[in-house]
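Heads up: the sequence shown is residues 3 to 343, going by the numbering used here.
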Amino acid sequence: METEAERHLRSIAVTFRAGVIAALLLPAVWLLRDVLLLVFASILAACALRAAATSIHRRTGLGTGVSLALVGAVLLVMTAALLWWRGPALAEQAIETGRHVTSQIERITGGLEESAWGRFLLGQLRHAASAIRGLTGSVPGFAVSVLGIGGSLLVGLVTAFSLAAAPGTYVSGALRLLPPCWRPRGREVLSEIGETLRGWVAGQLFDMAVVAVLIGSGLAFLGIPLAFTLSLIAGLLNFVPYVGALAGAVPAVAVALAQAPTDALWVCLLFLSVQMLEGNVIAPLIQKRAASLPPTLTILSQTVLGTVFGAFGIVVATPLLAAVVVATRMIYVEGVLERKS
């Protein structure tokens, strides 16, 4: 029978081995950080696709594979129809929105140039902008990055559909990397993370749709031009909690400010009202199906991942945090702390 001293030594040995493995894996994780983020984004998309396919399967009795193919076909048809119906107008309105935003930036810049603190602030902003340009490179580098985004999007979509088609295969493969005694608990953890991500993605998609409809209706009622494009931007950016809501308001306020200052004020009130409704009504519904995340922790995760990975890190920060919270609760809190007590 194992003595207390032997159990203590075995615990130290296991901890030491885990530390060595983590130290060896960290450089690889850092080198492959962009790929790992793309994989996680593909997992998010796969959760949404699988949930939609499962819903169709339950309602129609069609096979899961057929249901998934039907989901893909519907998405393809909807995208093609949107591009055919509104594609040229959307492109034209996006350019017009960019012009409005640029003109307002120039107007604000001119006002800041008139004061000492404004010139200091502009100097700091220009320094930051030059640093960003240094990181992103010149026009050829931008062209390469655009091609890279297109390739990453294609790889992500293929990966998402592959994961959604046969999730059990990939889960079983991942579990085989664990010792046999850990596999049942590992399956429970992965299942809980999957449920959390499915609930979060479904909730965010519903949230985006509601915000887009409310913002679009409000902008049209206020007589703000480019209402459809601005509402689409606001809805898409609302996928990112907190940060996306602020970023989505900027183009609409800029367009309204070009029309009249009072219109800009009304647009600000519109976005504030929609966000209050979203925070008090829609967000609690989402949290019932996903992990409830403290706002401070969410913003901190967005800041950290945004600093390390850029804009893509901000996009995936919240669902990644939800997955980490679930894993920490089930593996460390329930599996270690509560078991010891």
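Here a beta-carbon is modelled for each residue, glycine too, at the ideal position from N, C-alpha and C.
Note that the structure is a prediction, hence the values are computed from the model and not measured.
Contacting residues, own chain, Cβ-Cβ under 7 Å from residue i (five flanking each side not counted)
i, result
"ALA345", "In this structure the chain extends from 3 to 343, so residue 345 is not present and cannot be described."
"ALA249", "LEU239"
"LEU180", "GLY188"
"THR81", "none"
"VAL191", "ALA329, MET332 and ILE333"
"GLY67", "ALA167"
"VAL245", "GLN304 and ILE316"
"GLU336", "none"
Integer Cβ distance of residue i from residue j, believed to fall under 8 Å
i, j, result
"ASP265", "ILE226", "6 Å"
"SER44", "THR161", "4 Å"
"GLY237", "ALA211", "7 Å"
"ALA251", "PHE273", "4 Å"
"SER154", "LEU40", "6 Å"
"LEU38", "VAL203", "The pair is not a contact, with the Cβ atoms about 19 Å apart (cut-off 8 Å)."
"ALA313", "SER303", "Their Cβ separation, rounded to whole angstroms, is 14 Å, which puts ALA313 and SER303 out of contact at 8 Å."
"VAL269", "ALA254", "5 Å"
"SER233", "LEU224", "At roughly 12 Å, the Cβ-Cβ gap does not stay under 8 Å, so SER233 and LEU224 are not in contact."
"VAL73", "ALA55", "5 Å"
"ALA260", "SER105", "6 Å"
"PHE311", "ARG60", "The pair is not a contact, with the Cβ atoms about 37 Å apart (cut-off 8 Å)."
"GLN277", "PHE241", "Rounded, the Cβ-Cβ distance is 14 Å, inconsistent with contact."
"LEU295", "VAL327", "7 Å"
Own chain, CB closer than 8 Å to residue i, minus 5 neighbours either side, in chain order
i, result
"LEU33", "none"
"TYR172", "LEU165"
"VAL79", "none"
"VAL31", "LEU38"
Simplified DSSP assignment, three categories, for residue i
i, result
"ILE226", "coil"
"TYR244", "coil"
"LEU216", "helix"
"PRO181", "coil"
"GLY337", "helix"
"LEU392", "Beyond the ends of the chain as shown, which are 3 and 343, falls residue 392; an answer cannot be given."
"ILE14", "helix"
"GLY65", "coil"
"ALA168", "coil"
"GLY139", "For GLY139, the predicted model reports a pLDDT of 41, less than 50, meaning its position is unreliable and no value from the coordinates is stated."
"VAL148", "Note that VAL148 scores a pLDDT of 45, beneath 50, so its modelled location is shaky; the value from the coordinates is reported in the next line. In this structure, VAL148 counts as helix in the three-state DSSP scheme."
Continuous alpha helix (DSSP H) stretch holding residue i: start and end
i, result
"THR264", "263-279"
"GLY308", "297-311"
"ARG35", "35-62"
CB contact below 9 Å: residue i versus chain B
i, result
"TRP184", "No chain B is part of this structure, which consists of one protein chain only."
Close-in-space but distant-in-sequence residues of the same chain around residue i (CB under 6 Å, 5 per side omitted)
i, result
"LEU271", "none"
"ARG52", "ALA166"
"CYS49", "LEU199, ARG200 and VAL203"
Using 8 Å as the cut-off, can you tell me whether the region 194-212 makes contact with the region 276-285, which would need three or more C-beta pairs spanning the two stretches below that distance? At 8 Å Cβ cutoff, the stretches touch.
Meets three-Cβ-pair contact criterion under 8 Å: the region 318-326 and the region 292-310: With a cut-off of 8 Å, the region 292-310 and the region 318-326 count as touching, because enough Cβ pairs lie within range.
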